[in-house]
Amino acid sequence: MPWLQTVLDVEINDQISSDDRTTPTTFLGWPRQTVFTDVIEGGQADFDAPIGHLSGADRALLYAKYNQVRHLDELKHAFRQLFQPGQSYGDPLMIDLGCGPFTAGLSLAATLGKNDVFDYYGVDHYQSMRDLGLRLANATRAHGGLHDRTKYQFLQDLNQVNFGPIRGSLTLFVASYLLASPNLNIENLVRDMVNAHTRASLGPAAVLYTNSARAEARAKFPDFKKLLIEAGFNLVVDHIDRFTETIKTPTDVHYALFFKPANFSIRRDKTL
Ligand SMILES: C[S@@+](CC[C@H](N)C(=O)[O-])C[C@H]1O[C@@H](n2cnc3c(N)ncnc32)[C@H](O)[C@@H]1O
1 MPWLQTVLDV EINDQISSDD RTTPTTFLGW PRQTVFTDVI EGGQADFDAP IGHLSGADRA
61 LLYAKYNQVR HLDELKHAFR QLFQPGQSYG DPLMIDLGCG PFTAGLSLAA TLGKNDVFDY
121 YGVDHYQSMR DLGLRLANAT RAHGGLHDRT KYQFLQDLNQ VNFGPIRGSL TLFVASYLLA
181 SPNLNIENLV RDMVNAHTRA SLGPAAVLYT NSARAEARAK FPDFKKLLIE AGFNLVVDHI
241 DRFTETIKTP TDVHYALFFK PANFSIRRDK TL
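Just so we're aligned, residue 1 is where the sequence shown starts under the UniProt record's numbering, counting upward by one.
Below, the structure is given as structure tokens:
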């Protein structure tokens, strides 16, 4: 997918390498070996708060540089199993929870190709992530990665989303490396997801969860699973695999997939 590498180079890699603060041992003036732990805090930083000489926007950019490529590969792997390029999926709705820099949107666009339409809502707590996400989405559009009718929006709160007229297509929720976030309330999250699905579509819903297989990263998963099942979702996949389809170091990834049938049922006249 040539546009994807171009988008990442122009919006992430070149921004960092051409920054005046970057030197052979630093990114944006920060020692490279401590960016992961100290600047992006393993992906769980407050991405709006400055640290040292770095702004929130710098931290989001460094998140994309350090973590996003791996997540893009993991999500593409999952989407390739869910979607066949060239088939019609009736304009699915994607709700990317803790979207970061448009990660699941980039992966879905790379999987479906520009001939398929989807409707994307990226929800993220931090403005710097939403801003970077919008930049990456605009760049994807500019480099021909999206169908003309594909739309995207970035919001802070899922409850703010106005989905417009109710649709009948698949609603695909993605929670990629969200559940390790310390400020996340799982009950509120699942309640908001169920409400969003009801507001958006009469069609089916799926939830794709990915995370590190490390125990602390997965601590909230049992509650997430329980609450989704209580809300009518079926667990379809729940497994941990060593993920090797990436240029990054292979690591163990926990994948789960939940599915809820369509919200509507055809009313039948009892006398028939
Ligand atoms: C590890 S990053 C994952 C980003 C993206 N999903 C990916 O796979 O690259 C976690 C993301 O969740 C966001 N986040 C943290 N707490 C959140 C919350 N309570 N609600 C929504 N987003 C949150 C962070 O800003 C960050 O973008």
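Glycine is no exception: its CB is placed at the ideal position from the N, C-alpha and C atoms. Predicted model, so just to flag it, every value in this text is computed and none were measured.
Checklist entry - Among Ser176, Tyr209, Ser181 and Ala231, which residue has its Cα nearest to the Cα of residue 297? => result The requested residue 297 does not occur in the structure, where the chain is confined to residues 1 to 272.
Checklist entry - So, Tyr177 versus Thr150, is the Cβ gap smaller than 8 angstroms? => result Result no, Cβ atoms of Tyr177 and Thr150 do not sit closer than 8 angstroms.
Checklist entry - Could you give the distance in angstroms between the alpha-carbon of Pro50 and the alpha-carbon of Gln68? => result Cα to Cα, Pro50 sits roughly 20 angstroms from Gln68.
Checklist entry - Touch check for the segment 124 to 132 and the segment 158 to 166: three-plus C-beta pairs under 8 angstroms? => result In this structure the segment 124 to 132 does not lie against the segment 158 to 166, because fewer than three pairs of beta carbons, one per stretch, are closer than 8 angstroms.
Checklist entry - Could you give the residue range of the alpha helix (DSSP H) that holds Leu61? => result Per DSSP, the unbroken alpha helix (DSSP H) holding Leu61 starts and ends at Gly56 to Tyr63.
Item to check | Rounded Cβ spacing between Leu132 and Thr140 (contact assumed at less than 8 angstroms) | outcome: Contact between Leu132 and Thr140 does not hold, since their C-beta atoms are separated by about 13 angstroms, which reaches or exceeds 8 angstroms.
Checklist entry - If we count the other Cβ atoms within 10 Å of its Cβ and call it buried at 16 or more, is Glu11 buried or exposed? => result Using a 10 angstroms sphere on the CB of Glu11, the tally of other CB atoms reaches 16 or more, which defines it as buried.
Checklist entry - So, helix, strand or coil for Thr23, using DSSP? => result Of the three classes helix, strand and coil, the one that applies to Thr23 here is strand, per DSSP.
Checklist entry - Between which two residues does the alpha helix (DSSP H) harbouring Ser88 extend? => result First-last for Ser88: undefined, no H or E at that position.
Next on the checklist: Is Ser169 a contact residue of ligand 1, with contact defined as CB to any heavy atom under 7 angstroms?
Outcome noted: Taking 7 angstroms as the cut-off, one finds no heavy atom of ligand 1 near enough to the beta carbon of Ser169.
Checklist entry - Is it buried or exposed for Leu272, if we count other Cβ within 10 angstroms and need 16 for buried? => result Bear in mind that a pLDDT of 47 at Leu272, under 50, signals an unreliable position, so the number given afterwards is only what the model happens to contain. Exposed.
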